[in-house]
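In our numbering, the protein residues as written are 27 to 196.
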């Protein structure tokens, strides 16, 4: 068993289900996550929009990951720069206290093509020159500018829990 990346399938299946079962969805008989009216499914054990502390997420992910025989990954998304020693301690806590097989610590990075500025965080505008910034993050296994993602993955990104410095140190 493995987590399948399938970036576009998560949106296509959610859209198809929403059309097919619209009445039941409106009666709240089941849940499909949406953002700005765009449906999406998650392709991870615990959806990235679920509000769990890092410790809770790692504990639950680890309990399921150990059953996988193929690819599986827990991503921890960061919206700000974190002290390397704090990251080192976090990695040690996850490795020593959970059954998580694979995980990534993924900072979201904003860049400006106009002046070359870049910083960890989500910035719509460049603070140096005022031009539009480009936001990069991980879409499953690799970094891409969010502007190149399908609308389902963009919706998922908008709902993602992005951890802070404080949460890394808890």
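For every residue, glycine included, the Cβ atom is placed at its ideal position computed from N, Cα and C.
Quick caveat, the model's predicted, so the values are computed rather than measured.
Buried/exposed call for residue 83, threshold 16 Cβ in 10 Å: buried
Proximal residues to residue 141 (C-beta, below 8 Å), its chain only, five neighbours per side dropped: 152, 154, 155, 157
Exposure of residue 65, with buried meaning 16 or more beta-carbon neighbours within 10 Å: buried
Span of the beta strand (DSSP E), counted from its first residue to its last, around residue 145: 144-146
Cβ separation of residue 87 and residue 190, assumed to be a contact under 8 Å, to the nearest whole Å: Contact flag wrong, Cβ pair sits at about 19 Å.
Opening and closing residue of the beta strand (DSSP E) in which residue 164 lies: 160-165
CB contact flag (residue 50, residue 56, <8 Å): yes
From 160, 148, 53, residue whose alpha carbon lies closest to that of residue 186: 148
CB of residue 101 within 8 Å of CB of residue 164, strictly: yes
Contact check, residue 135 vs residue 144, beta carbons under 8 Å: yes
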